[in-house]
Amino acid sequence: MNVLVLNSGSSSLKFQIIQTDLELIASNADRRLASGLIERIGSESIITLKAEEKPALKKTAPIRNHRMAIDHIVKWINNKESGIAGVQSLRDIHAVGHRIVHGGEKFTHSTLLDESIVRDIQDCIDLAPLHNPANLKGIYAIHEIFGDSIPQAAVFDTAFHHTMPDHAYLYAIPYAMYRRHKVRRYGFHGTSHRYVAYRYRLMNNLQKKDVNVISLHLGNGCSICAIQNGVSVDTSMGMTPLEGLVMGTRSGDLDAAVLQFLTLKEGFSLAEVESILNKQSGLLGISGLTNDMREIIEEAKENDDRRAKLAISIFVYRVRKYIGSYLSVLKNPAAIIFTGGIGENSDYVRSLICKDMHFLGVKADEDKNKALNGNAGDFATDSSKLGLWVIPTNEELLIARDTVRCVARQELP
Ligand code: AMP
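First residue of the sequence shown? That's 232 in our numbering, and the numbers climb one at a time after it.
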């Protein structure tokens, strides 16, 4: 079965075509056939399309909306010259899996889409006004093209965290706010945390119930997850992806009183302050340079830039604080897993995070650490009590696999 995986953002559309089915999942033999990205939808868009084994095609074209973006991808799929292995036309796409950011309390697992499920996803817009409308655009566009002729599944960023206990997901505000409006921690990056916990389990030959780890997704968005007996028991992102760790452009944790203070002092509206916290804060806000960790490290090392160094310190410090608190939450933690663009590729940041944690049983082997960038493996010393794993994430693969399971009406993990 070839699954088209769509990750539809407000002005971008990422996709992959993945060949997978129940047998391929069992033998871990599923494979990516193609991938691509359409950026800056609504203006002169940048389009990248890549069939595996072929060089990427890059071009620009005016793409007005998500429907036009999907039309563009469909045209590429239908073109035999594209060279997608085993895919000659749209008929060779058998299902579509959509990444949906917010599933509220309703969605605890991935699910096949039908009209009532789409309505339920629409109901979650209140909780994720920036994300769910964009995700829905992908669903509408696919429906316009395929009608009901192809099964579609929704895979939620929040679903993995539905196992959090109430003392972890409730905020200490009047309980009526939860009852009336469902204000609570939901957590995100669930597909990524779930995937790396699953890979860790396979690589260590463990049963799901024996997986007790801290998973650190450090990319442009960052979150940390405490996993006990294979399920999420706490995570740093909250009702929205703004809470928790310092991110590329998001502040993470801060005193809620700062919002009102800034409206008074700077004359901003509340919406403007929220936008600053989401889009102009984090690494970008502190460094004043960029949200890109690679560039910040370069500035810090080569130009000794004070604010770049500060951005790295604040980023690392926040991660260390959360590791400490999650080690006290888990009963018998066995490892810390690093994933996401920074977690997978920066031995420098990993080393800073693990520094001087010997008293917690965390000891990094720096040679092993340096050798791991981009690969999966453990960089803890032999005497470290905790494993220190790098595991590259693959959210698209998990979305494709869940889509197959939904289509086969299999129980979802
Ligand atoms: P993601 O959102 O997972 O794609 O991660 C993007 C982030 O990973 C950006 O901040 C990149 O600068 C960062 N990143 C990627 N490669 C490296 C690297 N080798 N060293 C440091 N940061 C990196």
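Backbone N, C-alpha and C fix where the C-beta goes; we use that ideal spot for every residue, glycine too.
Check                                                                                            : Outcome
Under 8 Å between C-beta atoms of L514 and M524                                                  : yes
S341 Cβ short of 7 Å to ligand 1 heavy atom set                                                  : no
Span separating the alpha-carbon of I331 from that of S320                                       : 26 Å
Simplified DSSP assignment, three categories, for V621                                           : strand
Same chain only: Cβ atoms within 7 Å of I352, ignoring 5 sequence neighbours per side            : I331, N363, L367 and A385
Sequence-distant residues of its chain with Cβ nearer than 7 Å to L344 (five each side left out) : I370, Q383, A384 and A385
Limits of the unbroken alpha helix (DSSP H) element including E505                               : L501 to K510
Rounded separation between N522 and V504 - CA only                                               : 18 Å
A365 versus H589: straight-line alpha-carbon distance, rounded                                   : 45 Å
Cα-Cα separation between L255 and F377, rounded to whole angstroms                               : 26 Å
Backbone CA spacing between S241 and L361 [nearest angstrom]                                     : 7 Å
In DSSP terms, what G608 is bridged to                                                           : V621
I307 versus G452 - alpha carbon distance                                                         : The sequence as given places Trp at residue 307; Ile does not occur at that position. Distance between the alpha carbons of W307 and G452 is about 30 Å.
Span of the beta strand (DSSP E), counted from its first residue to its last, around T466        : V462 to T466
CB-CB length for G571 against T624, believed under 8 Å                                           : 6 Å
Where N522 falls: helix, strand or coil (DSSP)                                                   : coil
Closer than 7 Å: R581 CB and nearest ligand 1 heavy atom                                         : no
Expected contact under 8 Å - CB spacing of L628 and A595 to nearest Å                            : Going by Cβ atoms, the distance from L628 to A595 rounds to 28 Å, so no, they are not a contact pair.
Cα-Cα separation, N436 to V442                                                                   : 10 Å
Beta bridge counterpart(s) of V593 as assigned by DSSP                                           : Its beta-bridge partners do not exist; DSSP assigns none.
Residue burial classification, N563 (beta-carbon count within 10 angstroms, cutoff 16)           : exposed
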